[in-house]
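Undergrad: Taken in sequence, the protein lines are chains F and U. Under UniProt numbering, the first residue of the first sequence carries the number 1, and numbering increases by one thereafter. Under UniProt numbering, the first residue of the second sequence carries the number 1, and numbering increases by one thereafter. All C-beta atoms, glycine included, are put in the ideal place defined by N, C-alpha and C.
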Amino acid sequence: MKIQVLGSGCATCHKLFEITQQAIKELQLTHTVEYVTGDKGTQKIIELGSMSSPVLAINGKIAMVGFVPDVEKIKKLILDNLN
Amino acid sequence: MDIFFPIQRLANWITYSFLPLQESNHFAESLNFFIYDTIKIVVLLIVVNYIMAVFRYYLPVEKIRKILTSRNWYGLDYLLAAFFGVVTPFCSCSSIPLFIGFVSAGIPLGVTFAFLITSPLVNEASLALFPALFGWQITLIYNLIGILVGVTGGMIIHKLNMEKYIEPSLLKFKSKVDIAGKKEKIALSKLVTIWWVEGWQITKSLIPYVLLGIGVGAIIHGFIPANFFERYLSSRQWWTVPVATLAGLPLYANSVGLIPIMEVLVDKGVSLGTALAFMTATVTLSIPEALILRKAMKLPLLITFFGVTTVGIMIIGYFFNFIYR
């Protein structure tokens with residue numbers, strides 16, 4: 001499973017990255033979270049067809065758009081997409 | 001009756017009874033103002049951000065795009081786009097995906113710009129803080145003119161046929177529209193909490209700016225004599241509006257932090273239109289914003305966007321100076 005946080009370099013994008021890492025840790029998974037930012041992140045967000053940033057992408061698909069300060073929700077998203 | 005009266009009572013009690021300070025003291029005046037404004041603005045922000053969270057839930061940008069592309073609106077789409085710009089909180093980090101998302105879905109460039117211009121011009125700050133600081137009349141006029149500037153700006157950009165100045169490399173992902181469509185059904189009881197968390201999250205992130213803005217405002221309020229600026233920045237000097245606009249142009253500041261400072265400046269004799277021109281220029285246009293947008297727009301389009309918006313801001317400034325002399 002590939003977990004990515006796509007952002008355009010803003011502060012909220014980085015927060016989402018941190019929270020996602022925390023979720024992985026709490027779930028005791030070994031996946032690494034990739035943080036794509038700047039031009040590359042923006043490009044990727046557009047490629048996926050999203051109109052807001054940041055984006056949480058799991059296996060190249062959009063799992064969540066926008067920043068939510070809720071670890072539990074992100075944990076659930078990761079678990080839902082595990083299988 | 002003034003609905004903020006209890007807050008003024010509380011602020012008075014803290015400054016003059018709890019902390020026994022002298023009423024004529026500059027510091028006490030500043031502190032009283034700081035306490036009053038902080039409580040008032042935070043309360044208003046909580047309310048407006050909650051309402052905005054509700055709007056966002058029922059009207060995400062994906063849905064807005066769908067509405068705009070669903071049929072031929074015969075020009076009404078400019079107005080619709082401007083209204084949508086009001087309810088959508090604008091963050092410059094989303095501006096490129098949003099811009100490309102609109103244009104690649106077939107929304108005309110002018111309509112997209114009506115949205116892009118209105119979004120930072122009319123927002124939670126101008127809707128929540130204006131009534132508290134400047135009264136309902138000014139709030140209504142400002143927000144209506146903001147929408148008008150967005151609509152007219154969009155129409156002008158449409159007339160100029162600038163489609164060729166969009167960065168083509170970003171437009172090739174045309175086919176991928178509508179992905180974040182599926183939404184699970186959530187009970188209203190749960191939604192109420194979700195909106196609260198979302199709204200509070202935004203309010204919380206704005207509080208430092210509010211405190212900073214009110215702090216600076218409070219110092220000016222307590223220490224600078226009334227009508228201090230009258231001589232230099234009153235409405236009689238025609239050049240104050242363009243100078244204020246151009247001075248605010250390269251800067252970026254959060255409107256929630258800036259509005260309390262504007263309130264105090266107006267109190268001290270700066271004319272309303274001049275203050276509004278400076279504030280609007282600072283909030284809507286900035287160098288960082290230009291650098292971000294430059295990646296999606298070629299220079300002529302970017303310059304036109306900035307030019308049209310700048311002229312719009314100056315019109316707002318002159319208009320307010322004219323009616324509130």
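Cβ of F:Val-55 within 8 Å of Cβ of F:Val-68?
TA: In the first sequence, the residue the question calls residue 55 of chain F occupies position 55. In the first sequence, the residue the question calls residue 68 of chain F occupies position 68. Not closer than 8 Å, so no.
Undergrad: Give the straight-line distance between the Cα atoms of F:Lys-35 and F:Ile-78, rounded to the nearest whole angstrom.
TA: Looking up residue 35 of chain F in the first sequence gives position 35. Looking up residue 78 of chain F in the first sequence gives position 78. The sequence shown places Tyr at residue 35 of chain F, not Lys. When rounded, the distance between both Cα atoms is 16 Å.
Undergrad: Can you find the residues in the same chain that come closer than 6 Å, C-beta to C-beta, to F:Ser-8, ignoring five residues on each side of it along the sequence?
TA: Within the first sequence, numbered from 1, the residue matching residue 8 of chain F stands at position 8. Here the set comprises Gly-41, Thr-42, Ser-53.
Undergrad: Measuring alpha carbon to alpha carbon, tell me which of U:Trp-196, U:Trp-195, U:Thr-203, U:Leu-258 ends up nearest U:Val-216.
TA: Mapped onto the second sequence, residue 216 of chain U falls at position 216. Cα-wise, what sits closest to U:Val-216 is U:Leu-258.
Undergrad: Give the C-beta separation of U:Ala-277 and U:Ile-316 to the nearest angstrom, bearing in mind that I take them to be a contact with Cβ-Cβ under 8 Å.
TA: Position 277 of the second sequence, counted from the start, is the residue given in the question as residue 277 of chain U. Position 316 of the second sequence, counted from the start, is the residue given in the question as residue 316 of chain U. Indeed they touch by this definition, with Cβ atoms about 6 Å apart.
Undergrad: Entirely within the stretch 189 to 254 of chain U and at least 4 residues each: give me those alpha helix (DSSP H) ranges in chain order.
TA: If only complete runs of 4 or more residues are kept, the stretch 189 to 254 of chain U shows the alpha helix (DSSP H) at 230 to 233, 240 to 248, in order along the chain.
Undergrad: Using C-beta distances below 6 Å, list every residue in its chain close to U:Ile-35, excluding the 5 sequence neighbours before and after it, in chain order.
TA: As a position in the second sequence, residue 35 of chain U is number 35, starting the count at 1. Cβ neighbours of U:Ile-35 beyond the five flanking positions: Ala-11, Ile-14.
Undergrad: Return yes when the Cβ of U:Thr-309 is within less than 8 Å of the Cβ of U:Ile-117, no when it is not.
TA: Here the question's residue 117 of chain U lines up with position 117 in the second sequence. Here the question's residue 309 of chain U lines up with position 309 in the second sequence. In contact: U:Ile-117 and U:Thr-309 (Cβ atoms closer than 8 Å).
Undergrad: Short of 6 Å in beta carbon distance, which residues of its chain neighbour U:Glu-198, apart from the five on each side in sequence? Order them along the chain.
TA: The count along the second sequence starts at 1 and reaches residue 198 of chain U at position 198. Cβ neighbours of U:Glu-198 beyond the five flanking positions: Ala-53.
Undergrad: Comparing the CB of U:Glu-163 with every heavy atom of the ligand PLP, is any distance shorter than 7 Å?
TA: Absence of the ligand PLP from the depicted structure is noted, as is the absence of any ligand whatsoever, leaving it without description.
Undergrad: I think U:Ala-290 touches U:Ile-96, with their Cβ atoms under 8 Å apart; what is that distance to the nearest whole Å?
TA: The sequence position of residue 290 of chain U within the second sequence is 290, counting from 1. The sequence position of residue 96 of chain U within the second sequence is 96, counting from 1. Going by Cβ atoms, the distance from U:Ala-290 to U:Ile-96 rounds to 12 Å, so no, they are not a contact pair.
Undergrad: Using 8 Å as the limit for Cβ to Cβ distance, is F:Thr-42 near chain U?
TA: As a working mapping, residue 42 of chain F is identified with position 42 in the first sequence. Cβ-Cβ to chain U under 8 Å: yes for F:Thr-42.
Undergrad: List, in order along the chain, the chain F residues whose C-beta lies closer than 7 Å to that of U:Ile-100?
TA: Looking up residue 100 of chain U in the second sequence gives position 100. Chain F residues near U:Ile-100: Ile-46.
Undergrad: In chain U, which residues lie less than 7 Å from F:Asp-39 when you measure between Cβ atoms?
TA: Translated into the one-based positions of the first sequence, residue 39 of chain F becomes position 39. Here the neighbours are Lys-295.
Undergrad: Can you list, in chain order, the residues of the stretch 61 to 83 of chain U whose Cβ is nearer than 8 Å to any Cβ on chain F?
TA: Val-61, Glu-62, Arg-65
Undergrad: Return the first residue and the last residue of the beta strand (DSSP E) that U:Tyr-142 is part of.
TA: Along the second sequence, read from residue 1 onward, the residue named residue 142 of chain U stands at position 142. Here U:Tyr-142 belongs to no beta strand (DSSP E); instead the alpha helix (DSSP H) covers 136 to 159.
Undergrad: I need the straight-line Cα distance from F:Met-1 to U:Ile-207, nearest angstrom please.
TA: If you number the first sequence from 1, residue 1 of chain F lands on position 1. If you number the second sequence from 1, residue 207 of chain U lands on position 207. Spanning the two alpha carbons is a distance of roughly 38 Å.
Undergrad: By the criterion of Cβ-Cβ separation under 8 Å, what are the contact partners of U:Leu-170 in chain F?
TA: The sequence position of residue 170 of chain U within the second sequence is 170, counting from 1. Near U:Leu-170 (Cβ distances below 8 Å), the residues of chain F are Gln-43, Ile-46.
Undergrad: Taking 7 Å as the limit between beta carbons, can you name the residues of its chain near U:Lys-40, skipping five residues before and five after?
TA: Start at 1 with the first residue of the second sequence, and residue 40 of chain U comes out as number 40. Taken in chain order, the residues that qualify are Phe-4, Ile-7, Ala-132.
Undergrad: Counting along the chain, where does the beta strand (DSSP E) carrying F:Asn-33 start and finish?
TA: The residue labelled residue 33 of chain F in the question sits at position 33 within the first sequence. In the sequence as displayed, the identity of residue 33 of chain F is Val instead of Asn. That run of the beta strand (DSSP E) goes 33 to 36.
Undergrad: Among U:Ile-186, U:Met-162, U:Trp-196, U:Leu-285, which residue has its Cα nearest to the Cα of U:Gly-300?
TA: In the second sequence, the residue the question calls residue 300 of chain U occupies position 300. In the sequence as presented, Gly is not what sits at residue 300 of chain U; that position holds Pro. Residue U:Met-162 is the option with its Cα nearest to U:Pro-300.
Undergrad: If we cut at 8 Å on Cβ distances, does U:Gln-8 have a partner in chain F?
TA: Counting from 1 along the second sequence, the entry for residue 8 of chain U is found at position 8. It does not: the Cβ of U:Gln-8 has no partner Cβ on chain F nearer than 8 Å.
Undergrad: In the structure shown, what three-state DSSP assignment does F:Val-5 receive?
TA: For the purposes of this step, residue 5 of chain F is identified with residue 5 of the first sequence, where counting begins at 1. Three-state DSSP puts F:Val-5 in a strand.
Undergrad: For the beta strand (DSSP E) that F:Lys-61 lies in, which residues bound it at each end?
TA: For the purposes of this step, residue 61 of chain F is identified with residue 61 of the first sequence, where counting begins at 1. It spans 61 to 65 - the beta strand (DSSP E) in which F:Lys-61 sits, taken as one unbroken run.
Undergrad: For F:Met-1, decide whether its Cβ has a neighbour in chain U, counting only Cβ atoms nearer than 8 Å.
TA: Here residue 1 of chain F refers to the residue found at position 1 of the first sequence. It does not: the Cβ of F:Met-1 has no partner Cβ on chain U nearer than 8 Å.
Undergrad: Run through the stretch 7 to 86 of chain U for me and flag every whole alpha helix (DSSP H) of 4 or more residues, listed as ranges in chain order.
TA: 26 to 58, 61 to 69
Undergrad: Applying a beta-carbon distance threshold of less than 8 Å, which residues of chain F neighbour U:Pro-97?
TA: Residue mapping note: residue 97 of chain U aligns to position 97 of the second sequence, counting from 1. Near U:Pro-97 (Cβ distances below 8 Å), the residues of chain F are Ser-8, Thr-42, Ile-45, Ile-46, Ser-50, Met-51, Ser-52, Ser-53.
Undergrad: Considering only residues of the same chain and omitting the five flanking positions on each side of F:Phe-17, which have a CB-CB separation below 6 Å?
TA: Reading the first sequence from its first residue, position 17 is the one you call residue 17 of chain F. Counting only Cβ-Cβ distances below 6 Å, and skipping sequence neighbours, we find Val-5, Tyr-35.
Undergrad: Alpha carbon to alpha carbon, how far is U:Ile-100 from U:Trp-239? Give it in angstroms, no decimals.
TA: If you number the second sequence from 1, residue 239 of chain U lands on position 239. If you number the second sequence from 1, residue 100 of chain U lands on position 100. When rounded, the distance between both Cα atoms is 37 Å.
Undergrad: Work out the CA separation of U:Asn-49 and U:Val-151 for me, nearest whole Å.
TA: Counting from 1 along the second sequence, the entry for residue 151 of chain U is found at position 151. Counting from 1 along the second sequence, the entry for residue 49 of chain U is found at position 49. One C-alpha to the other measures close to 25 Å.
Undergrad: Does U:Ser-119 get closer than 8 Å to chain F when you measure Cβ to Cβ?
TA: Position 119 of the second sequence holds residue 119 of chain U. Output row for U:Ser-119: interface = no.
Undergrad: Check for me: the beta strand (DSSP E) holding F:Ala-57 runs from which residue to which?
TA: As a working mapping, residue 57 of chain F is identified with position 57 in the first sequence. F:Ala-57 -> beta strand (DSSP E) spans 55 to 58.
Undergrad: Bridge partners for U:Ile-166 per DSSP, in chain order?
TA: Residue numbering aside, residue 166 of chain U sits at position 166 when the second sequence is read from its first letter. Per DSSP, U:Met-297.
Undergrad: So which residues of chain F does U:Ser-255 contact, with C-beta pairs closer than 8 Å?
TA: Against the second sequence, residue 255 of chain U aligns to sequence position 255. The contacting residues do not exist; U:Ser-255 stays about 17 Å from chain F at best.
Undergrad: Assess contact between the stretch 119 to 128 of chain U and the stretch 246 to 261 of chain U, defined as three or more Cβ pairs (one per stretch) separated by less than 8 Å. Is contact present?
TA: yes
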